[in-house]
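Residue numbers (this note's numbering): 794 to 1044. No residue lacks a Cβ here, since even glycine has one placed at the ideal position from N, Cα and C. Beneath this line is the structure, given in structure tokens, with notes to follow.
Below, the structure is given as structure tokens:
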């Protein structure tokens, strides 16, 4: 699977080259980055880490802002949590498709966390996630998405085949235009290719609801500086877990 990384990096370099040429013709700025601080990292019903962390997103966009290539990384304040991801996405008129190469190489990982270039199906610590989403336009902005792990450490207890774990979600902005915005979300997960005798998948031991969430967000005005803040409550019925995450978008 090294060809995957070569391909995606080639696309990124071509996108950057085209963007820089376009930048010379106007005020278009193709490259940007952001910093977020969180008390923990929640993702798709999972508590990835319970330690406070900083997350950085470095990305390149084309002039239409439809295509994006990015590098996302997170590091916990204790040094135990470490993650480095690549992603490529296309977004237009409410439609979005994204491909992520996710590599969590945290200290206590139970899989290969020492070989970033190892893409052997049985040995890799990466997993590659393909998602498709659509947000309805107008007065009913419901967002629906389908995401499947298409390669990597999603192979079941016997490490014999890919389970193709799939996460299906929807979210809706129930409150807008006030001091606090509120979004509700619901998601279920299952394996497209489960092992015989079990419904286990990447997100839980059984197929079912893995994420019920409520997210409240607001913008704090600190003099001339605006600080976006969000709080997310997340319940995972399949794993019998619940967590509360706060995130500060520093820039």
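- In this structure, residue 1008 and residue 976 form a Cβ contact; the two beta carbons are roughly 5 Å apart against a cut-off of 8 Å.
- When the alpha-carbon of residue 853 is set against those of 827, 963 and 933, the nearest one is in 827.
- Taking all protein chains in view, the Cβ of residue 883 is surrounded by fewer than 16 other Cβ atoms within 10 Å, so the residue is classified as exposed.
- Looking only at 902, 981, 896 and 997, the smallest Cα-Cα distance to residue 909 is reached by 896.
- Look at the beta carbons and you see the segment 957-971 touching the segment 980-995: at least three pairs across the two are nearer than 8 Å.
- DSSP lists no beta-bridge partner residue for residue 930.
- Bounds of the beta strand (DSSP E) holding residue 879 are 875-885.
- Going by C-alpha positions, residue 917 is about 28 Å away from residue 1002.
- Look at residue 1037 here: in three-state DSSP terms it is strand.
- Cα atoms of residue 876 and residue 973: separation of roughly 31 Å, rounded to the nearest angstrom.
- Per DSSP, residue 888 is one residue of the beta strand (DSSP E) stretching across 888-897.
- Note on geometry: alpha-carbon atoms of residue 1028 and residue 823 lie some 37 Å from one another.
- Membership of residue 861 in the beta strand (DSSP E) is indicated by the continuous run 860-869.
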